[in-house]
Structure formats: C-alpha cells, structure tokens
Amino acid sequence: MKTRFMVLGSMVLGSTALVGCQGAAMSSPGGGTPSDVPTVDAVITAPALELSTTIDGEPAPTDPDYVPTPDEGELSDRWRDELERREVDYQSALRVASMRLRGDLPTLLEIRFLEAAPDQRAAYEAMIDDFLDDPRFVQQLRLFWRDTMKMGGGNLDTAPNFAAQLVVENRPITELFTATDGNCPTFADGAFSSADCNSGAPSQAGVLTDPAVMRHFFSNLAFRRVRWIQETFACHAFPAEVGESTDVGGVSPYTAPWDFESISGSRTTGRVDFHDTSSVICANCHATMNHVAPLVANFDEDGMWDDGVSVPTPLEGAPMAERTDWLPEGEGTAWRFGVPANDLPALGAAMAADPSVHSCIAARVHNWAMGHGDVVDQLAIVPRAVTERLSATLRASGFELRAVIYDAYTSDDFVRF
Ligand code: HEC
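In this note's numbering, each residue carries its 1-based index in the sequence shown increased by 160.
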C-alpha cells in the first residue's frame with residue numbers, strides 16, 4: 161500500500177505547497193518563493209533592463225505592457241547602447257574593485273598613479289592584475305565561495321577552500337566536480353594545504369564527495385544535497401528541466417522531459433507518491449531530482465559513506481529510504497534527461513561538461529563584481545550577453561576562473577558608471 165507523504169497536509173495550497181516542500185532559501189535571507197521563479201530559460205539568460213521604462217521609445221521589462229521579443233539580438237543591442245551611454249570612470253572602478261578583490265580601499269599612491277597614467281585603461285588593468293596576486297585576494301575569494309556555497313567557517317570550509325585554491329593555483333574550476341584527490345584542503349597562515357576528503361566514498365569527485373557538504377546538507381531522501389548541487393552550480397531552483405507539456409490528470413500539465421513513470425510514485429513503486437497531481441505536479445521537479453538523489457544518498461548524517469542508503473524518509477517512523485523510493489527497478493541515475501551518470505565521478509564529469517554550469521559560474525562572478533545578490537535567492541539574473549562573454553572566456557582559458565574574474569572586473573559593465 162502506498163503511504164502518502166506525511167507533511168502533504170501543509171503542502172496543498174498552490175505555491176504555498178512549493179514553499180513547504182522546498183523550504184526557505186538555503187540559509188540565505190530574503191529568498192524568493194518558487195512562484196516568483198522565472199522559467200528555466202529566463203534565468204541567467206534574460207535581458208535585465210530595469211533602469212528606465214522605455215528605451216528608444218520602446219517599453220522595457222519594468223513596463224507592465226512589456227512583452228519580451230523573441231529577438232534577443234535586437235534587445236541586447238539596445239541594452240548595449242544603454243551601457244555605451246554611461247561614462248568610463250576608472251577611479252570609481254578601482255575603488256570598487258579594490259574593495260571587492262582585496263577588502264580594502266585603494267591607497268593614495270595607487271589613486272595618484274592611476275590619475276597620472278597617460279593610458280588610464282592600461283594602468284587600471286595592470287592594477288587589477290596586481291589585485292589578483294594580492295594575498296588579500298585569497299581571503300576575499302574564500303569569502304566569495306563561502307557565500308556561494310552557503311557553508312564555511314569551522315569544519316565547513318573544505319569546499320570553499322578547494323574552490324578558492326583552484327582559482328589561486330590557476331587550475332580548471334571544473335576540478336570542483338572531477339578532482340580525485342586533494343579535494344578537502346585546509347587553509348592556515350595564508351596558504352592552502354592539500355588534503356583528501358575522507359568520507360569513505362569508493363571514488364572521489366571534488367566537492368561531490370566532500371563529507372562536510374554531505375553533512376551540512378543532510379536531509380530526508382537526500383533532496384537538500386541535490387538542491388545544493390543544482391542551485392549552487394546550475395544557478396536555478398527546481399524544476400531544472402522543461403520539456404513538452406503532457407496532461408497527467410492534474411490542474412496543470414507535467415512539463416519535465418522524463419517519462420512520467422521513470423520515477424517512483426503511485427503509478428510505479430516506492431512509498432512516496434511523486435506522481436501526485438492533486439495540488440502541484442511533484443514530478444515537474446522530482447523527475448530530475450529523483451534521478452540525482454540516489455547518487456548522494458549513501459552519505460550518512462555525518463557525511464560519511466555507507467554501503468547502503470543512509471538517508472531517512474519523512475514517512476511515519478522515519479524509516480531509511482530505499483532506492484525504489486526514488487526510481488523504479490532498473491531505472492538509472494542521471495544528471496539530466498539524456499545525460500546518465502552511474503556514479504559520482506560520472507555526475508561530476510557531466511556537470512563539468514555542461515554549458516549551463518559554465519554559464520552559472522560566470523554569472524556568479526559577474527554578480528560578485530557588480531555587487532548583485534545571489535543569482536538564485538535574489539533572482540539576480542544576469543543578461544545573456546554577459547554570461548555568454550564570460551563563459552566563452554572561461555572555456556578559452558581552459559576553465560581558469562581567474563581569467564573570468566579579470567574579465568568581469570575590467571569589462572565595460574564594471575568600469576562604466
Ligand atoms: C518546485 C519544485 C518541487 C515540487 C513541485 C515538489 N518538490 Fe518536493 N522537494 C523539492 C526540493 C527542492 C526539495 C528539497 C528541499 C530542501 O530540503 O531544501 C524537496 C523535498 C521533498 C521531500 C523531502 C522533504 C523533507 O522532509 O526533507 C519530499 C518527501 C518531497 N519533496 C516530496 C514531494 C511531493 C510528494 C511533491 C508533490 C506533492 C513535491 N515534493 C513537489 C522540490 C519540489
């Protein structure tokens with residue numbers, strides 16, 4: 161007999177149901193409710209014009225009559241024109257860059273040096289390069305990654321440390337998902353010391369096998385870990401994937417690309433009904449989530465790997481989950497529809513190769529430079545033109561994030577006011 165999800169009682173009211181399920185924004189203040197969340201394609205790709213309500217007499221997105229044109233090219237040209245109209249101000253840029261990259265104002269000497277430089281741009285860019293070699297940058301970078309990963313301090317620093325170390329040592333940032341050793345470094349006296357993650361997992365995959373991550377985001381059915389992976393590195397709340405709409409008997413259609421019956425629920429197997437359509441279409445989010453969760457479900461409450469599933473269910477008595485609570489027998493795990501991942505190294509490799517992960521990392525660097533909030537919680541959406549340029553920089557550099565940081569802090573967006 162199928163037992164219904166215990167807390168469903170608190171989840172039956174439209175978008176309140178989603179909030180009940182997704183919980184508050186992960187330890188971050190002021191998170192938007194899922195009903196505010198734009199469609200998958202809109203995020204980190206939408207043109208974000210918000211200063212004026214008209215541009216060249218045309219309505220802009222803050223105008224209630226605004227209808228986005230399908231022609232992104234035209235819109236971004238207009239957006240670019242707006243940017244071009246702003247004045248380049250290297251002194252102001254230097255002040256902001258110094259605060260963000262070193263946590264300190266520029267010195268009087270630096271200000272005078274820039275003032276006197278015959279080639280303002282060259283002098284400014286050389287100074288940004290210097291900032292990126294400053295020991296204080298390492299600290300700022302660690303703080304950036306703590307914010308990004310929503311963990312840090314005490315014994316929760318290994319993942320942010322690892323990300324910061326990859327940047328400082330000019331290693332591909334994709335090692336975050338693929339590193340087979342040295343994935344849990346410590347930091348003391350201004351230096352990183354390499355250390356392996358010791359979760360006992362059979363193979364290593366960067367932060368995906370970091371016991372501190374797994375401990376910090378432990379929850380029923382491992383969904384909080386899945387959410388962390390998704391929101392941190394794909395920059396979008398669930399649902400992560402949208403395909404064709406299918407009528408599955410609910411008030412709204414089923415929109416994930418997976419076969420509706422590729423996950424557990426009343427129509428297949430398992431003890432939680434992910435096929436429920438009475439309030440929301442659970443499967444819109446859980447189709448993707450349930451294909452990822454079993455990969456991170458063997459880490460126990462302390463983040464240590466166990467041979468069996470080690471996360472509970474929210475059912476009466478909190479019994480341990482079984483694989484069939486997520487997926488029917490024979491259904492494989494995956495990062496996305498059409499991107500199978502049999503184990504954590506395969507998940508890491510799939511993430512490292514995913515252009516939307518590259519765009520996400522680029523968007524996060526842009527928002528850091530521009531002083532915008534978290535791309536997911538604050539809906540600090542980055543225009544497509546920006547993420548395209550920065551993710552091209554990321555790929556061209558062999559995934560060295562330092563190149564993206566340099567690009568962001570020297571870009572037109574940053575130096576014009
Ligand atoms: C909008 C996307 C979305 C929809 C729709 C959705 N969920 Fe979830 N669900 C999530 C996310 C994200 C989490 C993880 C929340 C967290 O722990 O931060 C989650 C967590 C859960 C959990 C674990 C809760 C716990 O106790 O930790 C269960 C069980 C669950 N969902 C079942 C359902 C069911 C049943 C439905 C349909 C009635 C549903 N979900 C609809 C996204 C969704």
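Even glycine gets a Cβ: it sits at the ideal position worked out from N, Cα and C.
This one's a predicted model, so the numbers in the text were calculated from it and none came from an experiment.
Here Glu560 is bridged, per DSSP, to Pro332. With contacts defined by Cβ atoms closer than 7 Å, Ala253 and Val575 form a contacting pair. Contact between the stretch 309-329 and the stretch 338-348 is present, with at least three C-beta pairs closer than 8 Å. In terms of side-chain proximity, the C-beta atom of Phe398 is found nearer than 6 Å to a non-hydrogen atom of the ligand HEC. Remark: C-beta atoms of Thr429 and Pro488 approach each other more closely than 7 Å. Shown here for Asp264: same chain residues with a beta carbon closer than 7 Å to its own, the five before and five after excluded, namely Ser258 and Arg296 in chain order.
Exclusion of Leu268 from the 6 Å shell around the ligand HEC follows from its C-beta lying no nearer than that to any non-hydrogen atom of the ligand. Per the coordinates, the alpha-carbon of Val327 lies some 12 Å from the alpha-carbon of Tyr566. In summary, Asn450 is buried, with 16 or more beta-carbon neighbours lying within 10 Å of its beta-carbon over all protein chains present. Relative to the ligand HEC, Asp436 has its C-beta within less than 6 Å of a heavy atom.
Between the alpha carbons of Asn330 and Val499 lies a gap of roughly 28 Å. The residues Ile441, in chain order, have a CB closer than 7 Å to that of Ser412 in the same chain once the five nearest residues on each side in sequence are set aside. Listed in chain order, the alpha helix (DSSP H) runs fully inside the stretch 436-512 are 442-452 and 504-512, counting runs of at least 4 residues.
Nearest to His526 by C-alpha distance, out of Thr570, Phe459 and Asp370, is Thr570.
With fewer than 16 other CB atoms across the displayed protein chains lying within 10 angstroms of its CB, Gly477 is exposed. The residues Thr553 and Ser557, in chain order, have a CB closer than 6 Å to that of Ala563 in the same chain once the five nearest residues on each side in sequence are set aside.
Taking the Cβ of Leu455 as the reference point, every heavy atom of the ligand HEC lies at 6 Å or farther away.
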